[in-house]
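Scroll down for the structure; my scribbles are underneath it.
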């Protein structure tokens, strides 16, 4: 074992080993991993990087300039072992015999099994499944932002913490075109674009639709502002509820369920402000430097998933029961849901005004 460790250490120090990222978590986590990838590119411009991720992750990062190749680990399709073998064949072809080090960002048992299948020297977290088998382990520093916890995987390769703590996520912007009415509308709009993302996979992370509707109405105080409602088809119900409350008196561009992941890279670069629950749009905004008002209910910013863009704000109600879980359960464990019910429109509007300099 000592021999193997010494050889890997020499390889890492020489900068010859290529970097393979293993990140098959949620969309937001995949976006935040770009901070570590961008930092690695900055530290070693000629060191190739590869990514093993989900179908969604591959779509988001297919044109990332930091990556030499991207490989899909299909966790839901074919059998697990067949999927792992497919990833290994694809990665081996991309590496072309060159040495590589695996940085396992996802801590699950399935990711550990894939790491064992690949057989590469591995860096992961002490908290990862069977981390004792890895070449190097790092701590998921509780007080760090998740983007910087991910970049900590670079520390055993010699990257200083000062650099790690300054890493920022980064996505490639895409141009608006004439293919759809909404793209033409945004392209022509001259005033500030305010994006509102009212959804979340987790029920207790969602601010009330009535509150979102009242907040959107406040933006009529900025006649030149265009409010754009964002979300996937899973958020159609909440979008319809907000639109019904607003009626025809408030002009919004409702894009919920009408856009792709690529479209997010068209919209965010042109956005002046995002208001969102603790969810992936916050991290998209960080990747484009968009100031954000992030609404926290069951979770808290100290868990490491707040907005990173300069000028951003977080809002939430101070309660002894927060946070109630890592992700936020679907239903309030105590039945009162005060974390979101008691967060007033005035408080969120005040944060928006601060961001906009009003």
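Residue numbers (the working numbering): 15 to 372.
Beta carbons: idealized from backbone N, C-alpha and C, even for Gly.
*Three or more beta-carbon pairs under 8 angstroms between the region 127-147 and the region 177-187, yes or no?*
no
*Could you have a look at residue 240 and say whether DSSP puts it in helix, strand or coil?*
strand
*Exposed or buried, residue 327, counting other C-beta atoms within 10 Å across all chains shown (16 or more means buried)?*
buried
*Could you check which residue in 281, 259, 167 has the C-alpha nearest to that of residue 207?*
Among 281, 259, 167, the Cα nearest to that of residue 207 is on 281.
*asked:* For residue 224 and residue 256, I'd like the C-alpha separation in whole angstroms.
replied: Looking at the two C-alpha atoms, the distance is approximately 7 angstroms.
*Could you tell me if residue 311 is buried or exposed, where buried requires 16 or more neighbouring beta carbons within 10 angstroms of its beta carbon?*
By the neighbour-count rule (16 or more Cβ atoms within 10 Å), residue 311 is buried.
*Between the C-alpha atoms of residue 356 and residue 371, what's the straight-line distance to the nearest angstrom?*
25 angstroms
*asked:* What would DSSP say about residue 109, mapped onto helix, strand or coil?
replied: helix
*Using DSSP bridges, identify the partner residues of residue 208.*
241, 287
*asked:* Cutting at 7 angstroms between CB atoms, please list the residues of its own chain near residue 62, excluding the five before and the five after it.
replied: So the list reads 32, 82, once near-sequence residues are dropped.
_residue 348 - containing alpha helix (DSSP H), residue span_ = Residue 348 -> no alpha helix (DSSP H), and no H or E assigned at all.
*Would residue 69 pass as a contact of residue 38 if the rule is Cβ separation under 8 angstroms?*
no
*Alpha carbon to alpha carbon, how far is residue 323 from residue 159? Give it in angstroms, no decimals.*
12 angstroms
*Buried versus exposed, by CB contacts within 10 Å (16 or more), residue 118*: buried
*Tell me, which residues are paired with residue 63 by DSSP?*
33
*Other residues of its chain near residue 270: CB distance less than 7 angstroms, five sequence neighbours each side excluded*: 243, 244, 245, 249, 250, 253
_Backbone CA spacing between residue 85 and residue 103 [nearest angstrom]_ = Going from the Cα of residue 85 to the Cα of residue 103 covers about 10 angstroms.
_Simplified DSSP assignment, three categories, for residue 266_ = Correct three-state label for residue 266: strand.
*Please name the residue in 197, 46, 232 whose C-alpha comes closest to that of residue 361.*
232
*Please classify residue 366: does DSSP put it in a helix, a strand, or coil?*
helix
*Have a look at 111, 147, 333, 113 and flag the residue whose alpha-carbon is nearest the alpha-carbon of residue 127.*
147
*asked:* Residues in the same chain with beta-carbon distance under 6 angstroms from residue 170, minus the five sequence neighbours each way, listed in chain order, please.
replied: 137, 150
*Among 325, 343, 320, 342, which has the Cα closest to the Cα of residue 157?*
Residue nearest to residue 157 within the set 325, 343, 320, 342 is 320 (criterion: CA-CA distance).
*According to DSSP, is residue 281 helix, strand or coil?*
helix
*Cα separation between residue 144 and residue 123?*
Each residue's alpha carbon lies about 8 angstroms from the other.
*Check whether the Cβ atoms of residue 199 and residue 105 lie closer than 8 angstroms to each other.*
no
*residue 67 and residue 44: beta carbons closer than 8 angstroms?*
Result yes, Cβ atoms of residue 67 and residue 44 sit closer than 8 angstroms.
*Pull up the DSSP beta-bridge partners for residue 377, would you.*
With the chain covering 15 to 372 only, the question about residue 377 has no answer from this structure.
_For residue 366 and residue 351, I'd like the C-alpha separation in whole angstroms._
23 angstroms
*Looking at the unbroken alpha helix (DSSP H) that takes in residue 232, where does it start and where does it end?*
223-232
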